[in-house]
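Numbering (our numbering), first residue to last: 76 to 525.
See the structure below:
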């Protein structure tokens with residue numbers, strides 16, 4: 076009887092131990108909590124109440140070995156899982172916190188980044204500024220460049236937030252992973268007036284510029300772009316206004332490069348089609364190196380309508396096209412003007428001009444080619460086997476140079492350059508030196524002097 080009672084008690088105890096290991100039981104949860112460390116037979120015996128038989132304990136040990144193998148595999152792959160960097164945890168323990176979220180101040184605000192872009196935006200003052208994020212080294216403090224930008228932002232009434240080095244990842248997110256140089260500025264979009272066409276050119280002594288026909292604007296657009304239909308221009312750049320029209324340029328890098336080139340060479344304004352085109356986003360602004368802040372920008376709904384509505388006011392339009400093949404020329408097709416011919420004829424002496432640049436892959440459509448007055452191209456020196464044209468940003472730079480170089484080398488400007496070179500330069504203990512211009516003014520080849 077005693078043996079039977081012991082056997083029954085052992086079976087009852089074993090059943091209680093099995094029940095303790097069921098899913099959801101306290102003992103099961105204890106096992107889950109200990110998965111990070113290997114479980115020994117003694118620990119199992121202490122945790123599992125009712126395990127008295129050796130066989131039951133061995134079964135549990137075998138089950139534990141299986142868990143340990145999976146745990147070791149997890150430890151082996153731990154390096155592949157994302158971890159919080161230790162220095163971030165130390166900063167958080169000291170009470171600094173981690174910048175994890177940035178909210179837009181206004182619904183239409185954008186982030187511009189990079190030292191040159193931020194400085195140019197603050198200098199131009201065309202936008203509405205909200206918050207400037209500056210990354211400052213806590214040990215070194217603010218540099219001279221930081222102080223300059225800080226003063227410019229404070230002068231514009233911008234809210235300034237200093238960002239510690241350990242929060243650089245958030246600035247990287249705000250800039251889309253592109254170089255930001257430690258500066259991110261939240262602003263309104265760049266002013267870009269929607270227009271239907273170009274109007275009359277004003278060349279009076281006290282008013283130099285041209286008029287535009289404005290398209291419909293919302294109240295928000297009027298607040299950003301303004302409602303003035305007169306566009307002033309600088310004196311001495313070219314005799315007549317020169318406008319660049321970009322049709323369906325989709326790469327923001329090309330767009331920014333064209334804006335930078337146009338600003339450097341002296342283009343008066345840039346018009347861009349609204350649909351199927353890149354916008355002046357942060358990537359384009361970064362590619363422009365801040366020059367977009369000082370350029371006059373327009374947006375047009377239709378390039379063809381824009382050209383047609385500008386014709387009555389004397390605007391001459393030129394379409395940039397690829398060089399024609401020999402087979403096409405053999406059929407009697409009129410060849411386009413070359414960049415050299417444009418430079419020799421100097422069309423900006425007589426008329427205000429529009430240069431139209433097309434899409435990177437497809438160029439300009441037939442409707443635009445039929446609407447313009449002339450076609451212009453850049454001839455190549457090699458047979459057209461693989462490459463038959465240039466990148467749109469490179470072609471735009473060469474063509475803008477052809478239009479503006481002749482105007483820069485007009486008779487009055489050549490005389491002024493020659494007079495500057497003929498000034499007497501006196502150096503200490505030396506005889507006066509009278510340098511002469513490198514070329515005769517009649518040749519007009521003084522582009523490198525400007």
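Don't be surprised by glycine CBs; every beta carbon is placed ideally from N, CA and C.
* Asked: In three-state terms, what does DSSP make of residue 434?
  -> Residue 434: strand per DSSP, three-state reduction.
* Asked: Around the C-beta of residue 368, are 16 or more other C-beta atoms found within 10 angstroms, so that it is buried, or is it exposed?
  -> Buried, by the Cβ-count rule.
* Shortest alpha-carbon distance to residue 449 belongs to which of 392, 436, 421? -> Comparing Cα positions, the closest option is 392.
* What residue from 239, 255, 232 has the CA that sits closest to residue 189's CA? -> The candidate whose alpha carbon is nearest that of residue 189 is 255.
* Decide if the segment 417–432 is in contact with the segment 286–304; the criterion is three or more beta carbon pairs, one per stretch, under 8 Å apart. => By the Cβ criterion, the segment 417–432 is not in contact with the segment 286–304, since fewer than three pairs of Cβ atoms, one from each stretch, lie closer than 8 Å.
* DSSP-derived helix/strand/coil call for residue 396 -> Residue 396: coil per DSSP, three-state reduction.
* So the alpha helix (DSSP H) residue 346 belongs to, where does it begin and stop? -> According to the DSSP assignment, residue 346 belongs to no alpha helix (DSSP H) but to the beta strand (DSSP E) extending over 344–348.
* Asked: Which of the three DSSP states, helix, strand or coil, is assigned to residue 226?
  -> Assigned with DSSP and collapsed to three states, residue 226 falls in helix.
* **Other residues of its chain near residue 284: CB distance less than 7 Å, five sequence neighbours each side excluded** => Result list for residue 284: 277, 305, 306, 307, 308, in chain order.
* **C-alpha gap between residue 346 and residue 216, whole angstroms** => Rounded to whole angstroms, residue 346 and residue 216 show a C-alpha spacing of 43 Å.
* **Assumed close pair residue 336, residue 471 - CB separation to whole angstroms, cut-off 8 Å** => Correct: roughly 6 Å between the Cβ atoms.
* Asked: Which residues in the same chain have their Cβ closer than 6 Å to the Cβ of residue 99, if we skip the five residues on either side of it in sequence?
  -> Reliability of the predicted coordinates at residue 99 is poor, the pLDDT of 41 falling under 50, and the value obtained from them is presented with this limitation in mind. Non-local C-beta neighbours of residue 99 in its own chain, meaning closer than 6 Å and more than five positions away in sequence, are absent.
* Asked: So what's residue 469 in DSSP terms, helix, strand or just coil?
  -> Helix, per DSSP.
* Buried or exposed: residue 474, going by 16 or more other Cβ atoms within 10 Å of its Cβ? -> By the 10 Å Cβ count, residue 474 comes out buried.
* **Reduced DSSP category for residue 419 - H, G, I as helix; E, B as strand; rest coil** => Taken through DSSP and simplified to helix, strand or coil, residue 419 comes out as helix.
* For residue 237, the residue or residues it bridges with in DSSP -> Answer by DSSP bridge pairing, in chain order: 209.
* **Cα-Cα separation between residue 330 and residue 340, rounded to whole angstroms** => Taking the straight line from one Cα to the other gives about 15 Å.
* Apart from the five residues on each side of it in sequence, which residues of its chain come closer than 8 Å, Cβ to Cβ, to residue 233? -> In chain order, 197, 204, 205, 206, 207, 260 place their CB closer than 8 Å to the CB of residue 233, counting only its own chain and leaving out the 5 sequence neighbours on each side.
* residue 416: which of 453, 224, 425, 270 sits nearest, CA to CA? -> Of the residues 453, 224, 425, 270, the one whose Cα lies closest to the Cα of residue 416 is 453.
* Asked: Do the CB positions of residue 321 and residue 342 come within less than 7 Å of each other?
  -> Going by C-beta atoms, residue 321 is not nearer than 7 Å to residue 342.
* Beta bridge counterpart(s) of residue 391 as assigned by DSSP -> DSSP output for residue 391 lists 428 as bridge partner(s).
* Asked: In angstroms, rounded to a whole number, what distance separates the CA positions of residue 414 and residue 281?
  -> Each residue's Cα considered, the two are about 34 Å apart.
* To do: Quickly, what does DSSP pair residue 307 with across the bridge? List them, please.
  => DSSP output for residue 307 lists 284 as bridge partner(s).
* Cβ-Cβ separation, residue 269 to residue 289 (assumed contact under 8 Å), whole Å -> Residue 289 to residue 269, Cβ: 7 Å. Contact.
* Asked: For residue 194 versus residue 266, is the C-beta spacing smaller than 7 Å?
  -> With a cutoff of 7 Å on beta-carbon distance, residue 194 and residue 266 are scored as not near each other.
* To do: Taking residue 455 and residue 398 to be in contact with their CB atoms under 8 Å, please state how far apart those CB atoms are, rounded to whole angstroms.
  => Rounded, the Cβ-Cβ distance is 6 Å, consistent with contact.
* Residues sharing a beta bridge with residue 258, DSSP -> DSSP, once it has assigned bridges, lists 209 as partnering residue 258.
* Could you tell me the distance, in whole angstroms, from the CA atom of residue 444 to the CA atom of residue 352? => The straight-line gap from Cα to Cα measures roughly 19 Å.
* Is the distance from the Cβ of residue 423 to the Cβ of residue 314 below 7 Å? -> Against a cut-off of 7 Å, the Cβ pair of residue 314 and residue 423 comes out as a contact.
* With residue 325 and residue 366 assumed to form a contact (beta carbons below 8 Å), what rounded beta-carbon distance in angstroms separates them? -> That pair is no contact at about 20 Å.
* Asked: CA-CA distance, residue 120 and residue 251?
  -> Summary for residue 120: the model assigns pLDDT 44, below 50, so the residue's position carries little reliability; its value from the coordinates is reported in the next sentence. Distance between the alpha carbons of residue 120 and residue 251: 55 Å.
* Among 478, 439, 396, 442, nearest to residue 464 - alpha-carbon criterion -> Nearest of 478, 439, 396, 442 to residue 464, Cα basis: 396.
* **Where residue 327 falls: helix, strand or coil (DSSP)** => Correct three-state label for residue 327: helix.
* Residues sharing a beta bridge with residue 269, DSSP -> In the DSSP output, where bridge partners are listed per residue, residue 269 has 374.
* Residue interval of the alpha helix (DSSP H) (run including residue 443) -> It spans 441–446 - the alpha helix (DSSP H) in which residue 443 sits, taken as one unbroken run.
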